[in-house]
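K.L.:
Protein chains in written order, with my numbering: chain A, 102 to 409; chain B, 102 to 409. Think of the CB as a built atom: it goes at the ideal place given N, C-alpha and C, for glycine as much as any other residue. Just so we're clear, the structure is a prediction, and the values are computed from it rather than from any experiment.
1. Can you tell me the Cα-Cα spacing of residue 385/B and residue 230/B, whole angstroms?
2. Please state if the CB of residue 104/A and the CB of residue 394/A are separated by a distance shorter than 8 Å.
3. Taking only beta carbons into account, state which residues of the stretch 189-221 of chain B come closer than 8 Å to chain A, listed in chain order.
4. Chain A partners of residue 273/B, CB-CB under 7 Å?
5. Along the chain, where does the beta strand (DSSP E) containing residue 191/A start, and where does it finish?
6. Identify whether residue 181/A lies in helix, strand or coil by the three-state DSSP scheme.
7. Considering only their Cβ atoms, is the gap separating residue 340/B from residue 382/B smaller than 8 Å?
8. I think residue 142/B touches residue 108/B, with their Cβ atoms under 8 Å apart; what is that distance to the nearest whole Å?
9. Among all the DSSP beta bridges, which residues are the ones paired with residue 231/A?
10. Is residue 337/A closer than 8 Å to residue 121/B when the C-beta atoms are compared?
11. By Cβ distance, which residues of its chain are closer than 6 Å to residue 263/B, with the 5 residues on each side in sequence left out?
12. Assess contact between the stretch 198-206 of chain B and the stretch 327-336 of chain B, defined as three or more Cβ pairs (one per stretch) separated by less than 8 Å. Is contact present?
13. What residues of chain A sit near residue 256/B, judged by a beta carbon separation below 7 Å?
14. So which of 356/B, 396/B, 366/B has the shortest CA-CA distance to residue 379/B?
15. Residues of chain B with a CB under 7 Å from the CB of residue 260/A: which are they?
16. Quick one: residues in its chain with C-beta nearer than 6 Å to the C-beta of residue 364/A, no 5 flanking neighbours on either side, listed in chain order?
17. Given this structure, state the Cα-to-Cα distance separating residue 412/A from residue 145/B, to the nearest angstrom.
18. What does residue 155/B touch in chain A if you count any residue whose Cβ is under 8 Å from its own?
19. What residues from chain B crowd round residue 281/A, counting only those whose CB sits closer than 8 Å?
20. For the beta strand (DSSP E) containing residue 224/B, name the first residue and the last one.
21. Pull up the distance between the alpha-carbon of residue 342/B and that of residue 291/A, whole angstroms please.
22. Excluding five sequence neighbours on each side, which residues of the same chain lie with their C-beta closer than 7 Å to the C-beta of residue 373/B?
23. With H, G and I counted as helix, E and B as strand and the rest as coil, what does DSSP make of residue 207/A?
24. Considering only their Cβ atoms, is the gap separating residue 401/A from residue 162/A smaller than 8 Å?
25. Measure the C-alpha to C-alpha separation of residue 408/A and residue 286/A and round it to an integer number of angstroms.
26. Residue 140/A and residue 111/A: beta carbons closer than 8 Å?
27. Pull up the distance between the alpha-carbon of residue 125/A and that of residue 115/A, whole angstroms please.
28. Go ahead and label residue 273/A buried or exposed: buried means 16 or more other beta carbons lie within 10 angstroms of its beta carbon, across all protein chains shown.
29. Specify the secondary structure class of residue 260/B as computed by DSSP and reduced to three states.
30. Does the distance from the CB of residue 334/A to the CB of residue 333/B come in under 8 Å?
31. On a CA-only basis, which of 113/A, 314/A, 222/A is nearest residue 411/A? Give me that one, please.
32. Over the uninterrupted alpha helix (DSSP H) stretch that includes residue 123/A, give me the two end residues.
33. Flag this pair as yes or no: are the beta carbons of residue 192/A and residue 169/A separated by less than 8 Å?
34. Identify the continuous alpha helix (DSSP H) that holds residue 355/B and give its terminal residues.
35. Thinking just about the alpha-carbon of each residue, which of 223/B, 246/B, 225/B is nearest to the one in residue 212/B?
36. Under the three-state reduction of DSSP, which class applies to residue 117/B: helix, strand or coil?
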């Protein structure tokens with residue numbers, strides 16, 4: 102049995118996965134704020150799988166944790182998990198002694214990529230494109246994450262696709278994230294509300310000019326990210342997930358229209374059939390927690406090898 | 102001993118490589134035009150390694166061929182090698198019976214990527230960005246080519262980075278290839294000459310306005326391709342080669358200035374140190390022929406396995 106956690110900015114999703122790869126238990130907890138509270142949430146989530154989901158926690162052999170921050174390669178050290186109030190935290194050191202099994206830590210987008218790949222049948226190649234406050238992708242081929250040389254694999258959000266586009270918080274102009282990131286859209290919209298991107302879609306349908314521009318930029322940015330991923334890494338599929346995809350079919354219709362426009366203009370782009378290669382991760386999918394479980398299990402296997 | 106050929110639009114470069122990976126013989130021939138002449142060039146080049154470079158051709162165990170066209174995956178079939186006058190040619194079927202050893206065929210940019218990686222020490226990851234009439238890249242990690250799902254891995258030339266940019270021959274606007282491809286620059290320049298891109302650089306230095314725009318677009322397109330490769334595949338290094346790199350340091354100075362401008366604007370881009378991660382393939386490098394030799398040898402090893 103392996104456990105996987107997706108530690109999100111508001112909720113932590115935990116799953117227990119059996120030897121056949123099936124999810125046999127799942128719980129959700131509110132994520133605590135700051136270093137100690139995040140550590141406590143991880144420990145509580147594993148315990149809750151036993152108490153609330155009937156999982157035999159004594160049979161757990163590894164724990165994997167996906168978390169929205171940078172992970173120092175080969176370590177359990179998380180840095181700049183700003184949405185969790187964590188500047189720096191060694192999650193392996195903080196949790197493994199209590200959990201008593203090997204713990205693996207990975208960036209949440211990369212974990213979700215691995216989980217989405219497994220849920221999708223686990224063959225070929227896939228990019229998982231996370232549309233949240235920011236935009237980043239994880240690339241998986243034949244079950245392995247493309248980790249890259251220096252930790253920026255899949256950072257397509259900061260590719261500029263319009264020199265006259267909106268200023269990105271990174272300092273460049275026209276980044277994919279400046280066009281399509283939830284944070285950028287909320288800032289450009291400038292009106293308070295729990296779901297600014299939904300407000301933008303609604304206002305665009307009522308003819309609001311700014312909302313129409315923002316909605317167009319969102320589709321333009323997402324379509325650009327899809328093209329970048331297919332033309333660079335040539336993945337079979339691009340799966341969209343993250344908070345902005347709560348818009349569901351309204352978002353997908355816009356993205357498909359944008360991809361159709363470039364296919365219309367270009368026989369080469371048409372030959373890529375991008376519209377058939379993009380799909381939405383279903384709402385509530387356990388992809389990130391499942392991927393974290395796979396990462397934890399791999400860390401466990403490494404440990405078993407290292408220790409004979 | 103393994104032989105590798107780089108069949109170019111005007112010249113064919115052939116190398117013989119010993120078991121230690123050293124190039125022990127090299128010849129260059131003029132490439133013939135059309136299906137039969139290309140086949141004859143391949144056979145003549147292998148023979149010339151014996152007669153002109155003193156290679157013991159009886160000791161050759163495999164031949165690899167890099168060629169500017171699409172290669173049907175897993176076959177020796179070349180299609181759309183327009184610069185060679187070849188619409189379709191099965192190079193394995195056409196040459197293997199005469200050569201008497203396993204023959205492997207690969208797209209020339211992918212072969213050059215593998216060769217540049219080997220010449221560079223053969224560890225980590227690298228993208229080879231070919232700046233010729235068109236623009237495409239090959240991505241290598243730990244000695245393996247990233248082949249992708251459907252044959253478009255590394256096709257960064259058709260990523261649009263400016264919705265108001267020049268029209269690309271693919272039909273889109275502002276593609277990297279429309280900004281920086283030698284073919285596009287020659288067409289936009291519109292004046293005859295053997296090396297239009299050099300004429301553009303010279304004229305830009307004399308203040309010609311169109312030439313300054315074209316020269317700026319070239320650097321802008323190359324820098325965009327470098328950013329795409331690092332932000333998507335996160336390769337350690339991007340090596341530039343192909344006909345346009347004959348401009349050498351004049352081109353590199355422009356590209357570095359362009360990368361420096363985005364580093365100036367963006368702390369994130371600055372952290373990538375892109376200027377230190379870009380370099381030129383030396384003029385006359387045998388990278389493509391060497392990479393072809395490695396591909397041919399791999400095909401030979403597969404054959405040995407398949408036939409016991």
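P.N.:
If we stick to the structure as given:
1. What you label residue 385/B is simply residue 284 of the second chain in a count that begins at 1. What you label residue 230/B is simply residue 129 of the second chain in a count that begins at 1. If I take the Cα positions, the gap works out to 16 Å.
2. Within the first chain, residue 394/A is the residue found at index 293, counting from 1. Within the first chain, residue 104/A is the residue found at index 3, counting from 1. Going by C-beta atoms, residue 394/A is nearer than 8 Å to residue 104/A.
3. none
4. On the second chain, position 172 is the one that residue 273/B refers to. Chain A residues near residue 273/B: 363, 366, 367, 370.
5. Position 90 of the first chain, counted from the first residue, corresponds to residue 191/A. Start and end: 187-191.
6. Taking the first chain and counting its residues from 1, one reaches residue 181/A at position 80. Strand at residue 181/A.
7. Here residue 382/B corresponds to residue number 281 of the second chain, with the count starting at 1. Here residue 340/B corresponds to residue number 239 of the second chain, with the count starting at 1. In this structure, residue 340/B lies closer than 8 Å to residue 382/B by Cβ.
8. Counting from 1 along the second chain, the entry for residue 142/B is found at position 41. Counting from 1 along the second chain, the entry for residue 108/B is found at position 7. Right, their Cβ atoms sit about 7 Å apart.
9. Along the first chain, read from residue 1 onward, the residue named residue 231/A stands at position 130. Answer by DSSP bridge pairing, in chain order: 237/A, 342/A.
10. Locating residue 121/B in the second chain gives position 20, counting from the first residue. Locating residue 337/A in the first chain gives position 236, counting from the first residue. Not closer than 8 Å, so no.
11. In the second chain, counting from the first residue as 1, residue 263/B sits at position 162. Excluding residues within five positions, the ones whose Cβ falls inside 6 Å are 275.
12. no
13. As a working note, residue 256/B is residue 155 in the second chain. Residues of chain A passing the Cβ test: 332.
14. Along the second chain, read from residue 1 onward, the residue named residue 379/B stands at position 278. Out of 356/B, 396/B, 366/B, 356/B has the C-alpha closest to the C-alpha of residue 379/B.
15. The residue labelled residue 260/A in the question sits at position 159 within the first chain. Here the neighbours are 328, 329, 332.
16. For the purposes of this step, residue 364/A is identified with residue 263 of the first chain, where counting begins at 1. Excluding positions up to five away in sequence, the list reads 370, 371.
17. Any answer about residue 412/A is impossible in this case: the structure gives chain A only from 102 up to 409.
18. The sequence position of residue 155/B within the second chain is 54, counting from 1. What residue 155/B touches in chain A: nothing, since even the nearest Cβ is about 40 Å away.
19. For the purposes of this step, residue 281/A is taken as residue 180 along the first chain, with counting starting at 1. Going along chain B, no residue has its Cβ under 8 Å from residue 281/A, so there is no contact; the nearest lies around 14 Å.
20. The residue given as residue 224/B occupies position 123 in the second chain. No beta strand (DSSP E) contains residue 224/B, which DSSP labels as neither H nor E.
21. Numbered from its first residue, the second chain carries residue 342/B at position 241. Numbered from its first residue, the first chain carries residue 291/A at position 190. If I take the Cα positions, the gap works out to 46 Å.
22. Stepping through the second chain from its first residue, residue 373/B is reached at position 272. Contacts found: 331.
23. If you number the first chain from 1, residue 207/A lands on position 106. Strand.
24. Within the first chain, the letter at position 61 stands for residue 162/A. Within the first chain, the letter at position 300 stands for residue 401/A. Yes, they are a contact pair.
25. By 1-based counting over the first chain, the position of residue 408/A is 307. By 1-based counting over the first chain, the position of residue 286/A is 185. Legend: pLDDT at residue 408/A = 48, less than 50; position of this residue unreliable, no value from coordinates given.
26. Taking the first chain and counting its residues from 1, one reaches residue 140/A at position 39. Taking the first chain and counting its residues from 1, one reaches residue 111/A at position 10. Contact: no.
27. Position 24 of the first chain, counted from the start, is the residue given in the question as residue 125/A. Position 14 of the first chain, counted from the start, is the residue given in the question as residue 115/A. Cα to Cα, residue 125/A sits roughly 11 Å from residue 115/A.
28. Position 172 of the first chain holds residue 273/A. Answer is buried; the Cβ neighbour count reaches 16.
29. The count along the second chain starts at 1 and reaches residue 260/B at position 159. Reduced to three states, the DSSP call for residue 260/B is coil.
30. Residue 334/A sits at position 233 when you count from the first residue of the first chain. Residue 333/B sits at position 232 when you count from the first residue of the second chain. In this structure, residue 333/B lies closer than 8 Å to residue 334/A by Cβ.
31. Outside the displayed span of chain A (102 to 409) sits residue 411/A, for which this structure offers no information.
32. What you label residue 123/A is simply residue 22 of the first chain in a count that begins at 1. Where residue 123/A is concerned, there is no enclosing alpha helix (DSSP H), given that its DSSP letter is neither H nor E.
33. Looking up residue 192/A in the first chain gives position 91. Looking up residue 169/A in the first chain gives position 68. No; because the gap between Cβ atoms is not below 8 Å, this pair is not in contact.
34. The count along the second chain starts at 1 and reaches residue 355/B at position 254. Residues 350-366.
35. Residue numbering aside, residue 212/B sits at position 111 when the second chain is read from its first letter. Checked all of 223/B, 246/B, 225/B; the closest Cα to residue 212/B is 246/B.
36. In the second chain, counting from the first residue as 1, residue 117/B sits at position 16. Strand.
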